[in-house]
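Just so we're aligned, residue 23 is where the sequence shown starts under this note's numbering, counting upward by one.
Below you'll find the structure, written out as structure tokens, and then a few comments.
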Amino acid sequence: MAWPCSHRCAQYRPRYGLEDGDQGELLIEDQGELLSMSGLPQTKPKEMLAALNPKDDGFAVDAVNMVLSQALHCSASDVHVQPREGGWEVLYRIDGVLSFAGILAGGGAGDPVARLMVLAGLPTYQNGTPMEGRLVWEGKQQADDERGGVAMRLGVFPTVHGPRGVVRILQVEGSHQRISLLGLDHHQEQVLAALCDPTSGLVLVSGPAGSGKTTTMYALLREIAANVPRRSVMTIEDPVETVVDSISQSELAPVTGLTLASALKSAVRQDSEVLLVSEIRDPDTAEAAVQASLTGHLIFSSLHSTDVASALRRLTQLGVPHHLVRSGVRAVINQRLLRKICESCRQGSGSTVASHAAQVSNPAATLTGQAEACPACAGTGYKGRFAIAQVVRFDSSDAVGEALADTLQAGDSVQRMRAAARERGAVDLHDIADAYIERGITDDAEVYRVLGKRADG
Ligand SMILES: [Zn+2]
Numbered sequence: 023m024a025w026p027c028s029h030r031c032a033q034y035r036p037r038y039g040l041e042d043g044d045q046g047e048l049l050i051e052d053q054g055e056l057l058s059m060s061g062l063p064q065t066k067p068k069e070m071l072a073a074l075n076p077k078d079d080g081f082a083v084d085a086v087n088m089v090l091s092q093a094l095h096c097s098a099s100d101v102h103v104q105p106r107e108g109g110w111e112v113l114y115r116i117d118g119v120l121s122f123a124g125i126l127a128g129g130g131a132g133d134p135v136a137r138l139m140v141l142a143g144l145p146t147y148q149n150g151t152p153m154e155g156r157l158v159w160e161g162k163q164q165a166d167d168e169r170g171g172v173a174m175r176l177g178v179f180p181t182v183h184g185p186r187g188v189v190r191i192l193q194v195e196g197s198h199q200r201i202s203l204l205g206l207d208h209h210q211e212q213v214l215a216a217l218c219d220p221t222s223g224l225v226l227v228s229g230p231a232g233s234g235k236t237t238t239m240y241a242l243l244r245e246i247a248a249n250v251p252r253r254s255v256m257t258i259e260d261p262v263e264t265v266v267d268s269i270s271q272s273e274l275a276p277v278t279g280l281t282l283a284s285a286l287k288s289a290v291r292q293d294s295e296v297l298l299v300s301e302i303r304d305p306d307t308a309e310a311a312v313q314a315s316l317t318g319h320l321i322f323s324s325l326h327s328t329d330v331a332s333a334l335r336r337l338t339q340l341g342v343p344h345h346l347v348r349s350g351v352r353a354v355i356n357q358r359l360l361r362k363i364c365e366s367c368r369q370g371s372g373s374t375v376a377s378h379a380a381q382v383s384n385p386a387a388t389l390t391g392q393a394e395a396c397p398a399c400a401g402t403g404y405k406g407r408f409a410i411a412q413v414v415r416f417d418s419s420d421a422v423g424e425a426l427a428d429t430l431q432a433g434d435s436v437q438r439m440r441a442a443a444r445e446r447g448a449v450d451l452h453d454i455a456d457a458y459i460e461r462g463i464t465d466d467a468e469v470y471r472v473l474g475k476r477a478d479g
């Protein structure tokens with residue numbers, strides 16, 4: 023019995039929460055033929071990984087196929103394959119949280135990390151050097167799937183037990199295409215869409231790593247690229263995260279010695295109107311971005327900072343004078359991603375909800391595939407994520423923006439800037455998250471994981 027699978031992993035469909043005796047269908051590609059392994063007693067991700075025999079000739083190939091299939095099926099963003107004494111530990115990052123998937127046994131000649139390196143065109147004899155490469159994994163797709171392979175980026179790092187591989191699964195074009203798909207509320211969608219209209223200024227997206235900054239910037243660019251008349255849109259990224267057809271993307275190649283700042287200066291001379299610089303992390307890029315924003319370019323970029331006040335302060339720490347911050351920055355979007363409570367668990371039995379609560383308190387939730395685990399979310403209790411964002415504009419129509427700009431110029435501390443913004447009615451991310459908790463979309467534990475404790479005052 024073959025099951026159609028809606029995911030890109032196609033022929034392989036892991037089953038979580040199987041009843042005893044119920045078996046899933048696993049097909050393994052062998053010399054171009056798909057062989058059914060449904061006779062195997064193990065059908066859960068952990069057991070499936072453990073069932074691969076390291077002494078088999080095709081071990082590394084099968085291991086990589088299985089791991090990448092599972093990861094795509096779980097909608098994982100990253101796959102970690104870390105060598106341990108006598109094997110490899112496999113972990114998937116799902117909805118921002120790293121989950122233990124299983125162990126691949128060692129002891130044979132095959133090495134799954136080396137197999138990944140071959141797929142990414144990296145030399146496997148150069149052990150001891152960190153390396154990066156790209157691969158397009160064709161996998162085993164359904165015949166009617168015309169989307170082609172899945173683009174991935176492999177990073178290899180030497181460890182005492184051998185090379186450790188981390189695969190970033192690049193977003194498939196089509197997911198998060200537009201602002202309306204970010205999961206924001208309607209009002210915030212309109213505010214973001216309005217940020218695409220101006221012809222100049224700097225729009226910053228702030229937040230820690232993994233808070234969806236790039237996704238938001240791409241959504242804004244797609245909005246702009248879809249508008250008429252067309253505007254010339256370019257990106258300078260390090261590295262490119264998603265390939266978008268309608269815009270001109272460039273990636274910094276370390277060998278050329280090109281920096282984000284020098285690439286940005288050249289891009290400005292390419293008759294570009296809208297530019298994305300993946301991140302402002304040094305004074306040169308900060309200066310180039312602000313200069314470009316003051317000379318008739320709409321610039322999008324991201325900053326690692328926790329809120330709007332600290333994003334502005336960060337720009338001044340990078341050497342941008344207060345008055346240029348004030349005249350160049352058009353808006354700061356401060357955002358995070360929160361996991362949604364799994365609908366199936368919520369509607370499930372009391373015992374499922376109880377095990378869900380246990381998982382919530384344990385952020386290192388594992389893909390256990392236990393009989394009582396919810397099949398929709400693999401027992402993590404959450405399924406999917408949505409963005410929450412605080413948008414502050416600096417165009418005299420936003421009292422919060424005015425208060426922040428004034429206190430920044432006065433040289434006040436970040437705490438005083440926050441207090442001034444609060445006095446003018448600023449709504450912070452905790453306030454926004456609370457509304458989602460009330461509506462039962464997420465919960466306290468998730469908000470605490472992402473935002474930490476609410477600051478008093
Ligand atoms: Zn669930």
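No residue lacks a Cβ here, since even glycine has one placed at the ideal position from N, Cα and C.
Assuming residue i is part of the beta strand (DSSP E), what are its boundary residues?
i	result
GLN437	No beta strand (DSSP E) contains GLN437, which is instead part of the alpha helix (DSSP H) from 436 to 445.
GLU154	153 to 159
SER324	320 to 325
GLU365	Counting along the chain, GLU365 falls outside any beta strand (DSSP E), though it belongs to the alpha helix (DSSP H) covering 365 to 368.
ARG175	172 to 181
State yes or no: is the C-beta of residue i within less than 8 Å of the C-beta of residue j?
i	j	result
THR281	ASP306	yes
ARG361	ASP117	yes
ALA285	SER272	yes
ARG335	LEU430	yes
ASP207	ILE363	no
ILE302	LEU320	no
VAL422	ALA443	yes
GLY161	SER270	no
SER294	GLY223	no
Return the CA-CA distance between residue i and residue j, expressed in angstroms with no decimal places.
i	j	result
VAL172	TRP159	5 Å
SER99	ALA432	43 Å
LEU94	ILE191	8 Å
TYR458	PHE408	10 Å
ALA427	ALA331	9 Å
ALA131	ASP78	9 Å
PHE122	THR238	28 Å
GLU445	MET439	10 Å
GLY143	ALA85	18 Å
GLY406	SER300	25 Å
THR146	VAL189	16 Å
GLY341	GLN313	12 Å
LEU337	PRO230	16 Å
LEU57	LEU138	For LEU57, the pLDDT reaches just 32, beneath the cut-off of 50, and the residue's location in the model is therefore unreliable, although a value from the coordinates is still provided. Taking the straight line from one Cα to the other gives about 22 Å.
ILE463	ILE355	22 Å
TYR240	TYR404	25 Å
ALA136	GLU259	28 Å
VAL262	LEU297	14 Å
Pick from the options: whose alpha carbon is nearest that of residue i?
i	options	result
PHE81	HIS95, ARG471, TRP110 and CYS96	TRP110
THR317	LEU325, PRO397 and VAL351	VAL351
GLN339	MET256, ASP304 and ALA467	ASP304
ARG186	MET153, VAL312 and ALA455	MET153
VAL225	SER233, ALA231, GLY234 and LEU242	LEU242
GLY124	VAL89, ASP133 and LEU144	VAL89
PRO67	ASN87, PRO76 and VAL83	ASN87
GLN357	ILE246, GLN212, ILE463 and GLY232	GLY232
CYS15	PRO76, ASN75 and VAL119	Residue 15 falls outside the range modelled here, since the chain spans only 23 to 479, and no answer is possible.
VAL265	LEU203, GLY161 and ARG156	ARG156
Which residues bound the alpha helix (DSSP H) around residue i?
i	result
GLU460	451 to 460
ASP207	ASP207 -> no alpha helix (DSSP H), and no H or E assigned at all.
LYS68	67 to 73
LYS235	235 to 248
ARG253	No alpha helix (DSSP H) holds ARG253; DSSP gives it neither H nor E.
Could you confirm whether any beta carbon from chain C is found closer than 8 Å to the beta carbon of residue i?
i	result
PRO230	Note that chain C does not occur in the displayed structure, where there is just one protein chain.
Original post:
Does the pairing of the segment 100 to 107 with the segment 124 to 139 give three or more beta-carbon distances under 8 Å?
Top reply: yes
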